[in-house]
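Residue numbers for the sequence shown follow this note's numbering, beginning at 24 and rising by one.
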Amino acid sequence: MEKKNMIVYNTTFNIENDILTECIEYLKKSYIPRASASGFLRTPYLRRILQDESEDASSYSVQFHVKNPETLEYWMQSEGRALQEELITRFGTKIVGFSTLLEEIDWEND
């Protein structure tokens, strides 16, 4: 029986530094808990991206495990789009993001 690899839903945010503290607090206390509440998105991570930081902005990654792309699409339609719109309404153009789907590869086993 073929083992299914875990799918990771990653969103990279570029956040202007003048809203950074407020935005990170919002991601921790509201965005991530609400995105996880349904159970479709699991194992959340918030990570700072280490790079040559500009004086104006910093980058962060928000990641969740999701069962499969179909589950993610269902979540996006039922909850995700509204949550993203709320984020944009709150912070406007001072935060921009893009999302990618990643597949975890078990490199230790065949």
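For every residue, glycine included, the Cβ atom is placed at its ideal position computed from N, Cα and C. None of these values were measured; they are calculated from a predicted model.
TODO: Could you tell me how far apart the beta carbons of S61 and E109 are, in whole angstroms, since I believe they sit closer than 8 angstroms?
DONE: In the sequence shown, counting from the first residue as 1, residue 61 sits at position 38. In the sequence shown, counting from the first residue as 1, residue 109 sits at position 86. So it is not a contact: roughly 16 angstroms between Cβ atoms.
- [ ] Starting from the N-terminal side, write out each stretch of the alpha helix (DSSP H) that is 4 residues or longer and does not extend beyond the segment 94 to 121.
- [x] Counting only unbroken stretches of 4 or more residues, the alpha helix (DSSP H) elements lying wholly within the segment 94 to 121 are 104 to 114, in sequence order.
Open item on the list: Bridge partners for Q86 per DSSP, in chain order?
Closed with: As a position in the sequence shown, residue 86 is number 63, starting the count at 1. Beta-bridge partners assigned by DSSP to Q86: N33, Y68.
- [ ] Express the C-alpha separation of V119 and R65 in angstroms, rounding to a whole number.
- [x] For the purposes of this step, residue 65 is identified with residue 42 of the sequence shown, where counting begins at 1. For the purposes of this step, residue 119 is identified with residue 96 of the sequence shown, where counting begins at 1. R65 and V119 have their C-alpha atoms spaced approximately 23 angstroms apart.
Open item on the list: Is the separation between the beta-carbon of F36 and that of V85 shorter than 8 angstroms?
Closed with: To locate residue 36, count along the sequence shown from 1; it is residue 13. To locate residue 85, count along the sequence shown from 1; it is residue 62. Yes, the Cβ-Cβ distance between F36 and V85 is below 8 angstroms.
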